[in-house]
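Written below as structure tokens is the structure these notes are about.
Protein chains: 6
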Amino acid sequence: MKFGARNQLTGKVAAIKKGMLMCQVKIELDPKGTMSSVFTLDSLKELGIKKGDKVQVIVKAVNVLLAK
Amino acid sequence: MKFGARNQLTGKVAAIKKGMLMCQVKIELDPKGTMSSVFTLDSLKELGIKKGDKVQVIVKAVNVLLAK
Amino acid sequence: MKFGARNQLTGKVAAIKKGMLMCQVKIELDPKGTMSSVFTLDSLKELGIKKGDKVQVIVKAVNVLLAK
Amino acid sequence: MKFGARNQLTGKVAAIKKGMLMCQVKIELDPKGTMSSVFTLDSLKELGIKKGDKVQVIVKAVNVLLAK
Amino acid sequence: MKFGARNQLTGKVAAIKKGMLMCQVKIELDPKGTMSSVFTLDSLKELGIKKGDKVQVIVKAVNVLLAK
Amino acid sequence: MKFGARNQLTGKVAAIKKGMLMCQVKIELDPKGTMSSVFTLDSLKELGIKKGDKVQVIVKAVNVLLAK
């Protein structure tokens, strides 16, 4: 499957924290670095990921902020 | 300076493409991978970056989509 | 493939307009309605869509605004 | 009232789930399909919606991701 | 009309710049400060704003980044 | 530090509400008005802000919606 987004990294699920509606998933990027994603528990259930699973990390370029 | 965002990577400006209002900046992440950011030419001018400059790449976790 | 997003609609590409950096793609939803997506020409090329192609339309719930 | 956004659908509130800070509202689109929105409980209170209410669903085109 | 968003400011259109697909609108906030919005020319046409018009500026709280 | 974003306001932290994963921070803008930001408790801890602290409020122009 292909996506209309400039940023597509791969990594493994390192941790999943659950709130009442949302979850926060930490991804260990390959080969280094971490990223986190926040989304609904409903989507977490549908996505069906667990610690260690390989996932794609997708970010639209308009949502990336540069600082210097 | 500190930011209220989970995703903070560092990299170097690899390429800058300019449109009429917006620009697209490609960042080579340290140590591997690339990310791209789209923002206004006005902000590019204020930011004052050029090829080779070190920059911070900031993404709020709510803007990160996971796929599996 | 599965996504960590609440909003996943399907439709057909109805029109593609190109700017200098970005494109605007209009989708005819099944069975009714239209949605539009703006993203980079680079991603359009990678995505490889043309008029009439079936696509998935993905929106994170945090990016949906309600008004009444 | 008019909005500077390409995506404006209409629907009815089908369900409201509340967390500690945020809520998740499910909308049944007219004539088919569902969408969900996540926003603060403070905004939910101001918006004053309940199950069955007609609402507008607004999404900026830059926040729409296509996949194929 | 009411919105499911925490940030609702008012101001006047100070400038409109047009690209090929998108426009950039500068708003003078009441009583001080400026904000800018980028959206499609199609939405600009629908919105029908011109310099001096009073507009509402809406931003979801999840899209606001704090720095210190 | 400089940012690739059109909207950069300053203000003081007026209130911090905490959920299980996220927090909601209310900012009193200088000289008038308020804005709110929602982000993770992890980022709140890193940012290290408390009531009365001066902060920068950053919003990319693509995340600003106009209504009339």
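Chain order of the listed sequences is A, B, C, D, E and F.
Number 124 in our numbering belongs to position 8 of the first sequence; there are no gaps in the numbering.
Number 162 in our numbering belongs to position 46 of the second sequence; there are no gaps in the numbering.
Number 130 in our numbering belongs to position 14 of the third sequence; there are no gaps in the numbering.
Number 151 in our numbering belongs to position 35 of the fourth sequence; there are no gaps in the numbering.
Number 169 in our numbering belongs to position 53 of the fifth sequence; there are no gaps in the numbering.
Number 174 in our numbering belongs to position 58 of the sixth sequence; there are no gaps in the numbering.
From the three backbone atoms N, C-alpha and C, an ideal C-beta is built for every residue, glycine too.
(1) Counting C-beta neighbours from all protein chains within 10 Å, is the total for B:A131 16 or more, i.e. buried, or is it exposed?
(2) Straight-line CA distance for B:K161 to F:R122?
(3) Could you compute how far the alpha carbon of B:I165 sits from the alpha carbon of B:T126?
(4) Curious, which full-length alpha helix (DSSP H) runs of at least 4 residues does the region 121–184 of chain C contain?
(5) For a quick check, are the C-beta atoms of B:Q124 and B:V173 less than 9 Å apart?
(6) Should B:A183 be flagged as near chain E, meaning a C-beta pair shorter than 9 Å?
(7) Would you tell me roughly how many angstroms separate the C-alpha atoms of C:L157 and F:G168, rounded to the nearest one?
(8) Indicate whether at least one CB of chain C lies closer than 9 Å to the CB of E:T156.
(9) Any Cβ of chain A within less than 9 Å of the Cβ of F:K176?
(10) Taking 9 Å as the CB-CB cut-off, is E:M206 touching chain B?
(11) Let me see if you follow: with CB-CB separation under 9 Å, is F:K148 close to chain E or not?
(12) Does chain B have any CB closer than 9 Å to the CB of C:A131?
(13) Can you list, in chain order, the residues of its chain whose CB lies under 6 Å from that of E:K176, leaving out five sequence neighbours each side?
(14) Using a Cβ cut-off of 9 Å (strictly closer), state whether A:S152 contacts chain F.
(15) Using only CA atoms, which one of F:S159, F:A183, F:L182 lies nearest to F:K134?
(16) Under the assumption that F:L163 contacts B:F119 (Cβ atoms under 8 Å), give the Cβ distance between them as a whole number of angstroms.
(17) Please classify C:K142: is it buried, with 16 or more other beta-carbons within 10 angstroms of its beta-carbon, or exposed?
(18) So, using beta-carbon positions, are A:M138 and F:M151 closer together than 9 Å?
(19) Could you name the residues of chain C that A:G164 contacts, counting a contact when the two beta carbons are closer than 8 Å?
(20) Between A:S184 and B:V171, which are expected to be in contact by the criterion C-beta below 8 Å, what is the C-beta distance as a whole number of angstroms?
(21) If contacts are defined as beta-carbon pairs under 8 Å, then B:L188 and D:L182 qualify, I think. What distance do you get, rounded to the angstrom?
(22) Taking 9 Å as the cut-off, decide whether the C-beta atoms of C:M136 and E:M117 are in contact.
(23) 9 Å is my cut-off, CB to CB: does E:L160 come that close to chain D?
Taking the coordinates as given:
(1) Flag for B:A131 reads exposed.
(2) 11 Å
(3) 14 Å
(4) 157–163
(5) Cβ atoms of B:Q124 and B:V173: closer than 9 Å.
(6) Not closer than 9 Å to any Cβ of chain E, the Cβ of B:A183 fails to qualify, so no.
(7) 44 Å
(8) Answer yes: the Cβ-Cβ gap between E:T156 and chain C drops below 9 Å somewhere.
(9) yes
(10) Since the first residue shown for chain E is 117 and the last is 184, residue 206 of chain E is missing from the structure and cannot be characterised.
(11) yes
(12) No - not a single Cβ of chain B is within 9 Å of the one on C:A131.
(13) A121
(14) yes
(15) F:S159
(16) 7 Å
(17) Buried, since its Cβ has 16 or more Cβ neighbours within 10 Å.
(18) Result no, Cβ atoms of A:M138 and F:M151 do not sit closer than 9 Å.
(19) K118
(20) Residue identity differs from the one stated: residue 184 of chain A is Lys in this sequence, not Ser. With a beta-carbon spacing of about 5 Å, A:K184 and B:V171 fall inside the 8 Å limit used to define contacts.
(21) This structure does not reach residue 188 of chain B, given that chain B is present from 117 up to 184, and the question cannot be answered.
(22) No, Cβ-Cβ distance for C:M136 and E:M117 is not below 9 Å.
(23) yes
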